[in-house]
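Participant: Once you've had a glance at the structure underneath, I'll fire off some questions.
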Amino acid sequence: MQRREWGLPETEAKPGAIRVAHVYPGSYEEAMASLGYMTIFSKLNEAEDIVAHRFVLDSPFSLEEGTPLRSYDVIVASIHFDLQIPLLLKYLATQRIPLRKEEREQPLIVGGPATWNPLPLINIADAVSVGDGEDHIADAVRGMLSERKEWTHSNVLNTWVKNKASFARHDLSYRPPAIVTEKSAYGRKSIYVEPSRGCNFGCRFCLIGWTKRPRRDRKLSQILDWITEGLENNGEKVYFFASDILGHPHIPKVLEILGELKIPFSLSSMRYDRLNDEMLDILREGGLRSITVAPEVASTRLKPVINKPIPNEGIVELAGRAKKKGFKSLKLYIMFGVPGEQEEDVNEIIKLVEAIKKTGIQVRVSANPMIPKPHTPMQWAPFAGIDYIKRANKLLEKSVRANTMNPKRAFIQTLISVGDERIGDLLLHAYRDLNYAHWMGAATRLNIDLSKYIRGGRETPWRELIDTGVTDEFLRREWEKIQKGEYTSPCHERCSLCGVCFP
Ligand code: SF4
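If you count the sequence shown from 1, you need to add 5 to reach this note's numbering.
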C-alpha cells in the first residue's frame, strides 16, 4: 500500500536501540486519527535508545519496514476501547505471538483508557502504563526489557508485583509532531490537535472525566505552532480533540482566525452551554453544517443522576437558533440504561427529538447503552440488560431514525470493562469472535458466573491496583447522589475536593 504521510518522527534504525512494535488494535485510518497512539509513537521515537514502528490491523507487518511483530524486542499496545482488547489478542495470535505472558518471549506493555481496569489483562500483559504515558513510556520499555519481573516504577503497574500504581498526569508541555496523512478516520489530510485534557464537569458515567482530572489547557502559542506545522505538512483541515474544546479560553479566537483564513475545522465535542450566537457564527464561518449536543438523557428525573444538567428547552432553543444561522443538522447523543431509568424515559427522548424537528433542523440520533466504567461513580451501577436495551432501541427506532448499539455487544463490553482475571480467561478463550453465543458457550465451559459482573454494587478490585487520585470516599458520595438524584458542581464553579488537586 502506497501511503502518503508527512511529519512523522524519525524511525530509522539507531545502533543498539531497543526495537518496539507499537500496535493499535484498529485500522490504519483509526490509528492515524488517534492522538494518544501517535503521541506515544512520537515520544518513543524521540528516545535516543528506542526505535518504534507502527502495527495496525490492516497489515501483519510494520508500516515502517515491513517486518513481522516477532522481530521486535518489546510490544506496546495503545487500547482506547474495551472491544479493542479481543481485536488485539486476535492480531497477536495471528502473528503467532503467545498471548499468556509466561509463554511469550517479548514483554507486552498496554496502555490507554481501556486498560485502567488491568485485571482482565493480568495474565496477558506484562505491564500497564497508567494515565498519561508521555513521561514514562520510554522508561517503561527500558525497564520491562531489563527487569521484566521486578519492575516497580510508580506509573507502571507490574501485574506480578501488584504494587498500587499512581495515575500519571502530564503537564502538556510536550506536544507530538503535527503528523498529517492522506487517509485517516476523520478525513484526508487532517491536522489533529488536542487543546486541553481532562474535564471540569464530572459527568458520572465518563471514564475520561474521572481519570484525566483536573482539566489542563495547552498554551495558545503551542496550539498555534501545532496548527502551523500541520499546514506546512500539507494539512488541509484542523480537527480538535478534547472533552470540552470550547471551554478553552483561547479556542474561540483560534476558530475565528481559522474561519477568516478559510481553513476548515471540526470539533470532537461541543458543550451545549458554549454555543451562544457568536460561537454559532464562528462555527458556520469555519464551514460546519452540523452541531452536536450530548444531553445523554431527556427525562428531568435522570439528569441529576448522571450529573449533566442540560435542559431540553435549551436544546430546542439552540436548534432553532442554529437553523436560522444556516446549520443543516443537529446530532444528539443519547445513553440508555442509567440507574433508575424506565421505558417511559425513552419516550422523553422521542418527545425531545420531535420538538427539535419542529424547528426545521434535521436531527440525527446516536443512542448507546451506558457501560459501567471503572474509577467512575457508575462503577457500581448495573448493566441495564440485553432485553431492556433491545426494547429501548426498538421504542426509539419506531419514532426516530437512530444509530443504536447491538445490546449483546454492550454486554460483552461490560464484562471487559468491569471484569477480573476470570474475564481474562474468558477473553483468552473467546477473543476470536465477538459473537454472543460464542462468548456464552466459552463462559459455560469455563464455569464462569457472568451475573456478578453485570449486577449493581459489584466489587471494585481495580481500585486496589490503581490510584487515580480521586478518593474512595468521594466516589461513594457520588454513588449516593446517584441514588438521591443530586447534582455536584463542576470544578470551576466549586471544588468538591475529590482528592486530585488537594490530596
Ligand atoms: S480537587 Fe476539586 S478542582 Fe480538582 S479535580 Fe477534584 S473537584 Fe475538580
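Just so you know, even glycine gets a beta-carbon here, dropped at the ideal spot from N, CA and C.
Would you decide whether E139 is buried or exposed? Buried here means 16 or more other CB atoms lie within 10 Å of its CB.
Facilitator: Result: buried.
Participant: According to DSSP, is I184 helix, strand or coil?
Facilitator: Note: I184 maps to coil in three-state DSSP.
Participant: Rounded to whole angstroms, how far is the Cβ of P30 from the Cβ of Q89, which I believe are closer than 8 Å?
Facilitator: Right, the Cβ-Cβ distance comes to about 4 Å (below 8 Å), so this counts as a contact.
Participant: Select from W11, E35, Y77 and S171 the residue whose C-alpha is nearest the C-alpha of T476.
Facilitator: Of the listed residues, the one whose Cα sits closest to T476 is S171.
Participant: Let's see if you can read the secondary structure: which residues bound the beta strand (DSSP E) around Q367?
Facilitator: Q367 -> beta strand (DSSP E) spans Q367 to P374.
Participant: In terms of alpha-carbon separation, which member of R209, R193 and M340 lies closest to A407?
Facilitator: Nearest C-alpha to A407: M340.
Participant: When you compare each of S334, S47, V25 and D350 to G12 by their alpha carbons, which one comes out closest?
Facilitator: Ranking the options by Cα distance to G12, first place goes to S47.
Participant: Count the other C-beta atoms from every protein chain shown that fall within 10 angstroms of the C-beta of A247, then say buried if there are 16 or more, exposed otherwise.
Facilitator: When all chains shown are included, A247 counts as buried.
Participant: Short of 7 Å in beta carbon distance, which residues of its chain neighbour H158, apart from the five on each side in sequence? Order them along the chain.
Facilitator: Any reading at H158 must be qualified, since the residue scores a pLDDT of 45, below 50, and its modelled position is unreliable; the value itself is stated next. Answer for H158: H141, D144, A145 and G148, listed in chain order.
Participant: Do L439 and R453 come within 8 Å of each other at the CB atom, strictly closer than that value?
Facilitator: The residue asked about is misnamed: residue 453 is Ile in this sequence, not Arg. No.
Participant: Quick check: the stretch 410-428 against the stretch 248-255, are there 3 or more CB pairs under 8 Å?
Facilitator: Touching, no, given that fewer than three Cβ pairs across the two stretches are closer than 8 Å.
Participant: Less than 8 Å between the C-beta atoms of I562 and V405, yes or no?
Facilitator: Outside the displayed span of the chain (6 to 508) sits residue 562, for which this structure offers no information.
Participant: Quick one: Cα of I102 to Cα of P112, how far?
Facilitator: Whole-angstrom Cα-Cα distance: 11 Å.
Participant: Which stretch, first to last residue, makes up the alpha helix (DSSP H) that contains E51?
Facilitator: Run containing E51: L40 to E51, per the alpha helix (DSSP H) assignment.
Participant: Using a Cβ-based criterion (distance less than 7 Å to any ligand heavy atom), does C211 qualify as near the ligand SF4?
Facilitator: No.
Participant: Specify the secondary structure class of S159 as computed by DSSP and reduced to three states.
Facilitator: Bear in mind that a pLDDT of 48 at S159, under 50, signals an unreliable position, so the model cannot answer this.
Participant: Count Cβ pairs between the stretch 271-281 and the stretch 342-356 that sit closer than 8 Å; are there 3 or more?
Facilitator: Flag = no, the stretch 271-281 and the stretch 342-356 do not touch.
Participant: What does the Cβ neighbour count give for N281, buried or exposed, with the cut at 16 atoms within 10 Å?
Facilitator: So N281 ends up on the exposed side.
Participant: Give the straight-line distance between the Cα atoms of V25 and R174, rounded to the nearest whole angstrom.
Facilitator: Straight-line Cα distance between these residues: approximately 23 Å.
Participant: Going by the CB atoms, is the gap between G207 and N312 shorter than 8 Å?
Facilitator: Taking 8 Å as the Cβ cut-off, N312 and G207 qualify as a contacting pair.
Participant: Between Y179 and the rest of its own chain, which residues show a CB-CB distance below 6 Å, the 5 nearest in sequence each way excluded?
Facilitator: Only E139 meet the Cβ criterion.
Participant: Please name the residue or residues paired with A173 in a DSSP beta bridge.
Facilitator: Answer is G136, bridged to A173.
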